[in-house]
DNA sequence: GCGCTATATGTACGTTCGTACACAAGATGA
DNA sequence: TCATCTTGTGTACGAACGTACATATAGCGC
């Protein structure tokens, strides 16, 4: 009874990444402190022992998972903005980011809240968030002056949050109106 | 051994409120899912049995605690804005709210993140957040048109968050500049 | 084939958790 | 004074937790 012959080990090189993805699913459902080794293992379809083998405790796993969230969010924002070739197209890109589903999906927003709270307690993750914000500002910096970049960045953040709570979302025309007010002095 | 004669009961009418305040301290330190009956009891200086006596489970306690957070935040925002008698004073009030310590203290921000995440999982708290946002917009509505109210509200939110992460905070002049761009069309 | 190492897994241990519940004591009315 | 109700408290129990660790198998040089 001390060994289970049905437990055949299979090589699985993507396992670590799969566990990280499963951890994000668990975080969305149960929150950071509700994310346990056992729940993640079940969600990823791996045995409990894989947790201690691949990760050096829950903090290690959470760190990797949130780093991935920050990178993905940053890439989505910067990527959409990179398609713009001039200020007009940049404004359209911002409207897309705020109104569309590029950034403001419920899952992404919830993960952002959890990330903010987690980073408030772990200084090393705050550094990652700073890098992310700086990447966003540099992408905006191709078209707008620094103060406008900060204002636009904050607006994207705030409208994403409020849009998920408000009963009626703004339409693209209204969003564009507000964005144009903010960058009025630069053109 | 089955009864402890040193456990003298003292009447304590404010106990329930003290427990709620202690729960907020625990949430700040450990997060929502890390908030346990035992930790709150220790923080409030009450026996474990008081938890089940005063509250109908952790969800009940969290609900009351976050409702208090929402009301306090709303009152701080609306209260500062109520001091304004015209649009110019309203703009100065918004600068105070963003730049000063009225709203953007680390503790308040962290509680906001936890509240957002909690509300994303509990629909009845989302309703409370809607009321809070509506109260903010009505306070702004004394001076600005509805679309501008939404934009200003989102800007306050976003700048509060980014200000706590960014290495350098904006000064009052820059904040005022941005606010004036947003409400340019109304005066 | 045959050790050897890296990879992988099941289980056990001590801790902490929410909650139930028997019980103690001040308060109250007769 | 005494029965009764409200308020308050200590403890016990089953469940879930993180982690350590003995064990097992695949890959591989020889």
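Residue numbers (the working numbering), protein chains in the order written: chain A, 8 to 194; chain B, 8 to 194.
C-beta: ideal position from N, C-alpha, C; glycine also.
Item: Sufficient close CB pairs (3 or more, under 8 Å) joining the region 112-124 of chain A to the region 49-66 of chain A; Value: no
Item: Helix, strand or coil at residue 118 (chain A) [DSSP, three-state]; Value: helix
Item: Closest Cα partner of residue 169 (chain A) within the set B:151, B:174 and B:136; Value: B:136
Item: Members of the region 152-181 of chain A that neighbour chain B once the beta carbon cut-off is set at 9 Å; Value: 154, 155, 157, 158, 160, 161, 162, 163, 164, 165, 166, 167, 168, 169, 170, 171, 172, 173, 174, 177 and 181
Item: Contacts around residue 91 (chain B), its chain only, beta-carbon distance under 6 Å, and the 5 residues preceding and following it disregarded; Value: 97 and 100
Item: The region 68-78 of chain B / the region 25-32 of chain B touching (three or more Cβ pairs under 8 Å); Value: yes
Item: Alpha-carbon spacing of residue 38 (chain A) relative to residue 149 (chain B), whole angstroms; Value: 38 Å
Item: Partners in chain A for residue 121 (chain B), counting only beta-carbon separations shorter than 7 Å; Value: 124
Item: Segment contact flag, the region 78-86 of chain B with the region 42-52 of chain B, C-beta cutoff 8 Å, min 3 pairs; Value: no
Item: Cut-off 6 Å between Cβ atoms - residues of its own chain near residue 88 (chain A), not counting five sequence neighbours on either side; Value: 100 and 146
Item: Beta-carbon proximity list for residue 160 (chain A), same chain, < 8 Å, skipping 5 on both sides; Value: 140, 143, 144 and 147
Item: For residue 23 (chain A), the nearest candidate out of A:75, A:40, A:106 and A:165 (CA to CA); Value: A:75
Item: Alpha helix (DSSP H) runs contained entirely in the region 106-175 of chain A, provided each spans 4 or more residues; Value: 113-128, 130-148 and 153-172
Item: Chain-ordered residues of the region 57-69 of chain A with a beta carbon less than 7 Å from chain B; Value: none
Item: Proximal residues of chain B, C-beta to C-beta of residue 130 (chain A) below 9 Å; Value: None at all; the shortest Cβ gap to chain B is about 11 Å.
Item: Under the three-state DSSP convention, the category residue 67 (chain B) falls into; Value: helix
Item: Listed by chain order, chain B residues near residue 113 (chain A) by CB distance under 8 Å; Value: 127
Item: Contact with chain A by residue 185 (chain B), beta-carbon distance below 8 Å; Value: yes
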